[in-house]
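Asker:
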Amino acid sequence: MKSSFKIARIAGIDIGIHYSWAFIFLLLLITLSLNYFPQASPGHLRTGYWTAGFIAALMLFLSVLIHELAHSLVAKSRGIAVHSITLFILGGVSNLEEEPKKPGIEFIMALVGPAASLILAAVFWLVFLFTQSQTTFADLFRFSGWLPQSSLFGAGLMYLALINISLAVFNILPGFPLDGGRVLRAIIWGATGNLVRATNIAATVGRIVGWAFIALGVLWILSAFTAFFRR
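Next up, the structure:
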């Protein structure tokens, strides 16, 4: 992807950041430092909130990178060359030399990204629970921990667990070219043996999902305006 710069090389894959990522990183930093952390963990100094916001934004960056690395490493294991991974304002993209030649390969490649995000969410949540005092085995199976915390560390872990769950859920939606759309295409491809037909169907479903998001956005804006003028 143009307008990006290389920051690392992992497993023979160049890792790059598009310049648009600076915008979302700054937005995350401001939102986390001025909104999330003061509400999730009140009573700390402003410098503490900015430090926690910076670390949490970096960890989100790493979470997206791990999500994309999961795709790329599975692709490499199936003999598909991966030139690079580029992180940009909307997430990340793995730059493959070619598309998968079998539906089973695409299915695994697409599914492993959301799976990696869910694993990260579980890790952050478990670390959060085990760093709290008087945690019991039953606490592992309920969400009683999602309350304001005295510790910025605990609040950060809660955020990272929640954001990775959100990342997994969003990507598994059947909206091609999201991971869920590729999973859908792989299933249809495997059932019909026709890649073109599978792509057309997955793309159509993707457009429906996109329009649904637009409709939800419009409804949210209208409800916000309605609530404002009723005051």
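First residue of the sequence shown? That's 51 in our numbering, and the numbers climb one at a time after it.
In this text, a Cβ means the ideal position worked out from N, Cα and C, and glycines have one as well.
Model, not experiment: these values are computed from the prediction.
Are there 16 or more other CB atoms within 10 angstroms of the CB of G129, so buried, or fewer, so exposed?
Answerer: With fewer than 16 other Cβ atoms within 10 Å, it is exposed.
Asker: Could you tell me whether the Cβ of F180 comes closer than 9 Å to any Cβ of chain B?
Answerer: No chain B appears in the structure shown, which is made up of a single protein chain.
Asker: By how many angstroms is the C-alpha of G206 removed from the C-alpha of L78?
Answerer: If I take the Cα positions, the gap works out to 13 Å.
Asker: Where do the ends of the alpha helix (DSSP H) carrying F157 lie?
Answerer: 153-180 is the extent of the alpha helix (DSSP H) around F157.
Asker: Evaluate G62 with the Cβ neighbour count: other Cβ atoms within 10 Å of its Cβ, from every protein chain shown; 16 or more gives buried, anything less gives exposed.
Answerer: Exposed is the call here.
Asker: Please classify G62: does DSSP put it in a helix, a strand, or coil?
Answerer: Here G62 sits in coil by DSSP.
Asker: Starting from the C-beta of E148, find all residues in its chain whose C-beta is less than 7 Å away, skip the five residues before and the five after it, and write them out in chain order.
Answerer: Excluding positions up to five away in sequence, the list reads I130.
Asker: Does the beta-carbon of Y209 have 16 or more other beta-carbons within 10 angstroms, so that it is buried, or is it exposed?
Answerer: Flag for Y209 reads buried.
Asker: Tell me which same chain residues have a C-beta within less than 8 Å of the C-beta of A265, skipping the five on either side of it?
Answerer: So the list is empty, once near-sequence residues are dropped.
Asker: Assuming D229 and A160 are in contact, meaning their beta carbons sit under 8 Å apart, how far apart are those beta carbons, in whole angstroms?
Answerer: Contact flag correct, Cβ pair sits at about 5 Å.
Asker: For the segment 112-127 and the segment 72-87, state whether three or more C-beta atom pairs, one from each stretch, are separated by less than 8 Å.
Answerer: The answer is no - the segment 72-87 does not touch the segment 112-127, with fewer than three Cβ pairs under 8 Å.
Asker: Please report the Cβ distance between V246 and F226, rounded to the nearest whole angstrom; I am assuming they are in contact, meaning their Cβ atoms lie under 8 Å.
Answerer: That pair is no contact at about 13 Å.
Asker: Rounded to the nearest angstrom, how far is the Cβ of L112 from that of L137, given a contact under 8 Å?
Answerer: With 8 Å as the limit, L112 and L137 do not qualify as a contact, their Cβ atoms being about 10 Å apart.
Asker: Sort out for me which residues DSSP pairs N221 with in a bridge.
Answerer: For N221, which the question treats as bridged, DSSP gives no partner whatsoever.
Asker: Any contact of the segment 171-178 with the segment 213-222, i.e. 3+ C-beta pairs under 8 Å?
Answerer: Yes, they touch.
Asker: Quick check on the burial criterion: 16 or more other C-beta atoms within 10 angstroms. Buried or exposed for W71?
Answerer: When all chains shown are included, W71 counts as buried.
Asker: Please check the pair F157 and A90, which I expect to be a contact at CB under 8 Å, by giving their CB distance rounded to whole angstroms.
Answerer: Incorrect: roughly 37 Å between the Cβ atoms, too far for contact.
Asker: Taking the C-alpha atoms as reference points, what is the distance between F263 and I67?
Answerer: Their backbone Cα atoms lie some 27 Å apart in a straight line.
Asker: Along the alpha helix (DSSP H) that carries H121, what are the first and last residues, could you check?
Answerer: Note, H121: alpha helix (DSSP H), 96-127.
Asker: Please name the residue in G231, I238, A241 whose C-alpha comes closest to that of G260.
Answerer: Of G231, I238, A241, the residue nearest in Cα terms is G231.
Asker: Does DSSP put Q228 in a helix, in a strand, or in coil?
Answerer: Going by the sequence as given, residue 228 is Leu instead of Gln. Here L228 sits in coil by DSSP.
Asker: If you follow the beta strand (DSSP E) that I135 is in, where does it begin and where does it stop?
Answerer: Counting along the chain, the beta strand (DSSP E) containing I135 begins and ends at 132-138.
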